[in-house]
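Have a look at the structure below before the remarks.
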Amino acid sequence: MQARWLALAAVFAVAACETVPPPPPPPPADAPVATPPWISEALADPARPQADRDRDAARKPGPLLAWAGVRPGMKVVDLIPGQGYFTRILSKAVGPTGKVYAYVPDELTAIAKGRPPSVSAFVGKPPYANTRMILRDLPEFGAPEKLDMIFTAQNYHDMHLAFMGPVDVATVNRQAFKALKPGGVFIVVDHAAKPGTTVAQMESLHRIDPARVRREVEAAGFVFEGQSPLLRNTRDPLTANVFDAGIRGKTDQFIYKFRKPRSAR
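Numbering-wise, the sequence shown is residues -15 to -1, 1 to 250 according to mature numbering (1 follows the signal peptide of the UniProt record, and there is no 0).
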């Protein structure tokens, strides 16, 4: 009997030494995310213009959209889409069960003096049949259905500038909040300016203070969820116009994710 107890004690002693390691902590909100296959395939789309492919190294769309949480079936607005760089990628990434709305502000069509928006050349047509263009003033922002994501890259600052009106940004952000499903996200990518940069300075720099963006978006009811350092460049002095040859394509950019609370309607 004593031998049996000694054997059991030895087993328990060994078990006590084999401690189970604690589960790893969740990744921080700014942690890099592996690019999933649906985004990699979207980037490899043979219909993408070569000019877009040439910009991929600087814009890093794969890890950016992975961090944003883009996935098949999503309903997304590409807000102020420009030439449609992200519209095309988003179209392929969300797939045939998803939808991408290229929201072109009417404020810009007035400046274009009758020229059709660039994205009108491909939206709604194969191989981007799941895309639609919305042509409307920014303070009337909305979509035909509730959205999973609103995405805007390098254009949020424009809403503050004279050539756009300027726009009532508070109204735009409130409309964005209303347009999203509960739990939906608003992704803002833009050129960083120094803290306290004024609107007058933004006119000449085409940059915006990240803290200003956060204040404005949170004021509409959004919750700040995190940021990605993917496009940061600490060597950018933040004092040059983003179109200057010496800094163009190499600006310090912030990427913010805001979420509409799941309890909101």
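Glycine included, C-beta positions come from ideal geometry on N, C-alpha and C.
Helix, strand or coil at residue i according to DSSP, with G and I counted as helix
i	result
residue 18	coil
residue 12	In this prediction, residue 12 scores a pLDDT of 47, lower than 50, which makes its location untrustworthy; no coordinate-derived value is stated.
residue 7	For residue 7, the pLDDT reaches just 49, beneath the cut-off of 50, and the residue's location in the model is therefore unreliable, although a value from the coordinates is still provided. Coil, per DSSP.
C-alpha gap between residue i and residue j, whole angstroms
i	j	result
residue 108	residue 39	21 Å
residue 200	residue 159	13 Å
residue 245	residue 185	31 Å
residue 248	residue 203	16 Å
residue 58	residue 120	23 Å
residue 80	residue 42	24 Å
residue 26	residue 138	21 Å
residue 225	residue 156	30 Å
residue 164	residue 133	9 Å
residue 178	residue 34	31 Å
residue 12	residue 94	Confidence in residue 12 is poor, its pLDDT being 47 and thus under 50, which makes the residue's placement unreliable; the coordinate value appears in the next sentence. Roughly 43 Å between the two C-alpha positions.
residue 74	residue 62	12 Å
residue 223	residue 91	30 Å
residue 209	residue 170	10 Å
residue 130	residue 192	32 Å
residue 230	residue 250	45 Å
residue 237	residue 76	27 Å
residue 32	residue 181	42 Å
residue 20	residue 29	13 Å
residue 152	residue 143	9 Å
residue 36	residue 197	32 Å
residue 106	residue 125	24 Å
residue 82	residue 55	13 Å
residue 69	residue 116	11 Å
Those residues which DSSP pairs with residue i across a bridge
i	result
residue 243	171 and 209
residue 28	Residue 28 pairs with nothing; no bridge assigned.
residue 119	88
residue 35	For residue 35, which the question treats as bridged, DSSP gives no partner whatsoever.
- [ ] Would you mind listing the beta strand (DSSP E) stretches within the region 132 to 218 that are 3+ residues and don't spill past its ends, in chain order?
- [x] Runs found: 132 to 138, 165 to 176 and 208 to 213.
- [ ] Go through the region 37 to 113 residue by residue and report every complete run of the beta strand (DSSP E) that reaches 3 residues or more, in order.
- [x] Qualifying beta strand (DSSP E) stretches, in chain order: 60 to 64 and 84 to 90.
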